[in-house]
Amino acid sequence: MVTINEEQSQPILFIDFDGTITQKDVTDAILEKFAGGRWLDIERQWRAGRLGSRDCLLAQMALVRASRAELDNLIDSIQVDEGFSLLLEVCARHNIAAHIISDGFDYCIRRVLERPQLQLSNLLRSVRICSSHLEIDEHGRLHTGFPYFNQTCAHGCATCKPAVMRLLNRSGAPAIFIGDGLSDRYAAEVASLVFAKDSLAAYCREQGIEYVPFDELDEVAACLLEATPFDASIISNLAEAMSA
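Heads up, the final residue of the sequence shown is numbered 531 in this note's numbering, and it's a clean run with no missing numbers.
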C-alpha cells in the first residue's frame, strides 16, 4: 500500500475537459449539429497536421448556425464522467492543486460544470479553467478568442497546454496530466505522469511515452489514493498495475 507523502513537493494535476471530464466532446457535438458537413474537412486538415487547433476552431466555429438557446440545450445534454467529483475530492484531501486546460470553450465548460445537480461549486473553487473563449452576442453571433495561444510555438494550438502548465507550476512540482485526445499530446510530452485513453493513449504508445491507461475518472482517483511519495520513477509501476 502506497501513500502520498505530505512532506514532499505536492504534484499539480492538469486535466483536459472535452472527452475526459465529459463523456462526449462538446465542441464536436456543436459542430455535428449546427455546422453542416464542411467542419469535417477542416478537422481532417488538423488531424493531418496541416492546421493548428486554433485555426481549425476559428474555421469550424464560423460555420455554426445556432441560437443561444439551441446551443445551451445541446450543452445541457452532455454527460459528465461520474468520477470527476471523486477525483476533485481526492485532490482536495491530499492538497493537490487541480486545473482544467482545454482547447474547448469556457462558455461550454462553465455551463456544464455549474449545473446545480453536480454540486461541484465548492470543489471547483480553487480550480483554474484555462481554455479558448466563446461569447454569444445579442444577435446570436459567436465570437471566439484564444487567450492561451502561444505565438512563439509552431504547433498553433488554441490553448498551449505546456505553456499553461509552466505558468501554473512555477515551483517545478511534478505534473500529472489526464487526457484523451490529440489536442493533449503536447501536454503529455511534458508531464511527469500521464493518464491517457483513446487517441491520446494511442499517441503515447506510438511515441514511447509511458502512461497509465484509464476508461473512467474514478480509476484515476483510486490510483491517486494509493499514490506513492511522488517520483517519476513510479510511472512504469503504475502503468503495469493499471494494465494488468
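Backbone N, C-alpha and C define an ideal beta-carbon position, used for all residues, glycine too.
Counted as a single uninterrupted DSSP element, the beta strand (DSSP E) harbouring Ser419 occupies residues Arg415 to Ile423. Residue pairing by DSSP places Leu429 opposite Ile423 in a beta bridge.
For the pair Ile423 and Arg352, the CB atoms are not nearer than the 8 Å cut-off. For Ser354, the three-state secondary structure derived from DSSP is coil. Under the DSSP definition of a beta bridge, Phe482 partners with Ile465 and Val499.
In the DSSP assignment, Phe371 falls outside any beta strand (DSSP E) and within the unbroken alpha helix (DSSP H) covering Phe371 to Arg380.
Per DSSP, the unbroken alpha helix (DSSP H) holding Phe321 starts and ends at Val313 to Phe321.
Residue environment analysis places Ser413 among the exposed positions, since fewer than 16 neighbouring C-beta atoms fall within 10 angstroms of its C-beta. In this structure Ile396 is in contact with Ser418, their Cβ atoms being roughly 6 Å apart against a cut-off of 8 Å. Going by beta carbons, Leu504 and Asp390 fall outside the 8 Å limit. Of the candidates Leu454, Asp485 and Leu400, Asp485 places its Cα closest to the Cα of Phe501. Between His381 and Phe301, the C-beta gap is not smaller than 8 Å, which leaves the two residues out of contact. About 25 Å separates the beta carbons of Ser340 and Gly427, which is beyond the 8 Å limit, so they are not a contact pair. By the criterion of a C-beta distance shorter than 7 Å, Asp342 is surrounded in its chain by Gly443, once the five residues flanking it on both sides are discounted. In this model, Lys448 and Ala474 are separated by some 5 Å (Cα to Cα).
Rounded to the nearest whole angstrom, the C-alpha separation of Thr314 and Val499 is 26 Å. DSSP places Ile387 inside the beta strand (DSSP E), whose first and last residues are Ala384 to Phe392. The Cβ-Cβ distance between Leu361 and Ala316 falls below 8 Å. At the C-beta level, Ser296 and Ala478 stay beyond 8 Å of one another. Judged by their CB atoms, Gly466 and Ala450 are not nearer to each other than the 8 Å cut-off.
In the DSSP assignment, Ile299 falls within the unbroken beta strand (DSSP E) covering Ile299 to Ile302. Boundaries of the alpha helix (DSSP H) harbouring Val507: Leu504 to Leu512, taken from the DSSP string. Of the residues assessed, Pro298 falls on the buried side of the cut-off, its CB having 16 or more other CB atoms within 10 angstroms.
Looking at the DSSP output, Val367 bridges to Thr309. Judged by beta-carbon spacing, Ala508 lies beyond the 8 Å limit of Leu411, meaning their Cβ atoms are not closer than that value.
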